[in-house]
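Peer 1: For the sequence shown, counting from 1, position 159 maps to 159 in the numbering used here; every step adds exactly one.
Ideal Cβ placement from N, Cα and C applies to all residues, glycine included.
Computed from a prediction, not measured in an experiment: that's the story for all the values here.
Mind having a look at this structure? Questions to follow.
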Amino acid sequence: MPANLTAPYKAAEAAYKSAVTREEKLAALEEMLRQIPKHKGTEKLQGDIRSRIAKLKREPIKKTGARTMSHRIPAEGAGQVVLVGPPNSGKSALVSMLTAAEPAVADYPMSTRDATPGMMPFRDVGFQLVDLPPLCDEHVEPWVYDLVRAGDLAWLVVSIQEPLEGLEMVERLLAAKAIRLLPDPDGGEPDGSDRRPGWTYLPALLVITGMDLPGARDDLEALDELMPLPWPRVTVSTVSGEGMVTLGEATFEALRIIRVYTKEPGHEPDLERPFTLPIGSTVGDLARTIHGDLAEGLKFARVWGTSAFDGQKVHRDHTLADGDVIELRA
Ligand SMILES: Nc1nc2c(ncn2[C@@H]2O[C@H](COP(=O)(O)OP(=O)(O)OP(=O)(O)O)[C@@H](O)[C@H]2O)c(=O)[nH]1
Ligand SMILES: [Mg+2]
1 MPANLTAPYK AAEAAYKSAV TREEKLAALE EMLRQIPKHK GTEKLQGDIR
51 SRIAKLKREP IKKTGARTMS HRIPAEGAGQ VVLVGPPNSG KSALVSMLTA
101 AEPAVADYPM STRDATPGMM PFRDVGFQLV DLPPLCDEHV EPWVYDLVRA
151 GDLAWLVVSI QEPLEGLEMV ERLLAAKAIR LLPDPDGGEP DGSDRRPGWT
201 YLPALLVITG MDLPGARDDL EALDELMPLP WPRVTVSTVS GEGMVTLGEA
251 TFEALRIIRV YTKEPGHEPD LERPFTLPIG STVGDLARTI HGDLAEGLKF
301 ARVWGTSAFD GQKVHRDHTL ADGDVIELRA
């Protein structure tokens with residue numbers, strides 16, 4: 001039995017014993033390691049703590065259990081799109097129409113209480129839509145904002161029947177949690193200079209539902225006359241399906257990504273599964289995405305597509321374009 005265990009060590013050990021999540025256990029073990037008196041008598045115990053830390057780190061993060069389920073949705077596909085909006089605006093109807101997921105759609109407000117992810121196929125990639133509970137002045141659970149922060153893009157979903165009240169409320173509630181939906185990057189508004197530390201800035205698409213309803217066109221015209229809204233906008237109907245293709249295209253653009261395809265020397269390119277990278281990515285970035293070693297050993301690449309003439313030899317700093325086919329040479 002190792003002697004001289006200190007009070008801070010014992011406190012950390014107690015925290016470990018009562019820890020529930022992997023993160024809590026890891027934090028407590030690391031604290032134990034910091035606090036343990038470092039001498040011969042504790043060597044075995046130190047080794048034991050280190051191996052418990054290593055084992056926990058190797059453990060895949062479990063998806064079971066409500067605790068982790070509702071707080072984090074592992075990103076999949078070409079981008080994670082979080083649906084934010086006031087109650088009853090058509091968020092669940094959109095996810096239900098565009099993905100295989102089936103969140104409940106209801107004609108009363110506040111029907112959604114959980115987050116439901118679903119994959120929306122678009123061209124040869126998929127966008128991960130995340131249906132969320134509404135943002136409203138009644139209670140919103142904090143994990144909803146955590147999921148909003150984790151998104152790559154927000155769909156700001158409002159109904160044509162009452163767009164402005166919903167927008168005002170959503171922006172106000174997000175601002176109270178230090179989240180701001182960025183205006184259109186091509187709209188000429190400054191978006192980088194006034195960023196505040198600690199805030200989350202999320203690009204956004206304004207999605208207006210209900211375009212099948214009587215008077216919807218007139219309502220839209222009236223809205224346009226009232227004030228210009230700072231986000232790129234798509235008008236849709238989850239009843240007629242109007243606007244869904246445009247919504248896919250606008251989402252692809254707003255995510256500011258490109259698709260690139262890879263090929264092996266002497267083989268046909270793999271046109272089934274593109275890599276998706278941020279606009280402005282280079283050959284070196286692609287290599288790094290595939291494998292760190294590949295980036296290290298990269299000698300040059302050949303490109304077929306719009307960023308070069310077919311088969312052109314390029315180096316790691318060459319900027320890629322959507323649709324490029326790349327042959328990496330190590
Ligand atoms: N006519 C029409 N009705 C729609 C449209 N989109 C949604 N609705 C209806 O609006 C109601 C609310 O739709 P939901 O998808 O449940 O709305 P939500 O935003 O998920 O609502 P909460 O989960 O409460 O935030 C339902 O009755 C839908 O059928 C649309 O484009 N046109
Ligand atoms: Mg809903």
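Is the separation between the beta-carbon of Gly151 and that of Val81 shorter than 9 Å?
Peer 2: yes
Peer 1: Rounded to whole angstroms, what is the Cα-Cα separation between Leu181 and Glu102?
Peer 2: 27 Å
Peer 1: Can you give, in chain order, each stretch of the alpha helix (DSSP H) that sits fully within the stretch 140–206 and has at least 4 residues?
Peer 2: List check, alpha helix (DSSP H) in window: 142–150, 163–176.
Peer 1: Within 10 Å of its beta-carbon, does Val236 have 16 or more other beta-carbons around it, so buried, or fewer, so exposed?
Peer 2: buried
Peer 1: What is the DSSP secondary structure of Gly65, reduced to helix, strand or coil?
Peer 2: Note that Gly65 has pLDDT 41, beneath the 50 cutoff, so the model's placement of it is unreliable and the number below is only indicative. If DSSP states are grouped into helix, strand and coil, Gly65 belongs with coil.
Peer 1: If you measure from each CB to the nearest heavy atom of ligand 1 and keep those under 6 Å, what residues do you get, in chain order?
Peer 2: Gly85, Pro87, Asn88, Ser89, Gly90, Lys91, Ser92, Ala93, Val105, Ala106, Asp107, Pro109, Met110, Ser111, Thr112, Pro134, Thr209, Gly210, Asp212, Leu213, Ser237, Thr238, Val239
Peer 1: Return the residue from the list Met169, Leu255, Leu202, Phe122 that minimises the CA-CA distance to Pro278.
Peer 2: Leu255
Peer 1: Just checking Pro117 against ligand 2 - is the residue's beta carbon closer than 8 Å to any of the ligand's heavy atoms?
Peer 2: no
Peer 1: Take Ala75 as the anchor and find which of Arg288, Trp231, Val148 has the nearest alpha-carbon.
Peer 2: Val148
Peer 1: Within its chain, find whatever has a CB closer than 6 Å to the CB of Ser240; leave out the 5 residues flanking it on each side and keep chain order.
Peer 2: Asp212
Peer 1: Between which two residues does the beta strand (DSSP E) containing Lys313 stretch?
Peer 2: 308–314
Peer 1: Bridge partners of Arg302, per DSSP?
Peer 2: Lys313, Glu327
Peer 1: Whole beta strand (DSSP E) runs in the stretch 25–89 with 3 or more residues, listed along the chain?
Peer 2: Counting only runs of at least 3 residues, the stretch 25–89 fully encloses the following beta strand (DSSP E) elements, listed from N- to C-terminal order: 80–84.
Peer 1: Please state whether DSSP places Leu98 in a helix, a strand or coil.
Peer 2: helix
Peer 1: What do you reckon, is the C-beta of Asp184 under 8 Å from a heavy atom of ligand 2?
Peer 2: no
Peer 1: By DSSP, does Met244 sit in helix, in strand, or in coil?
Peer 2: helix
Peer 1: Could you tell me if Arg58 is buried or exposed, where buried requires 16 or more neighbouring beta carbons within 10 angstroms of its beta carbon?
Peer 2: exposed
Peer 1: Round the Cβ separation of Asp322 and Arg273 to the nearest angstrom and send it over; I've been treating them as touching at under 8 Å.
Peer 2: Wrong, their Cβ atoms sit about 15 Å apart, outside the cutoff.
Peer 1: Where does Pro274 fall in DSSP's three states?
Peer 2: coil
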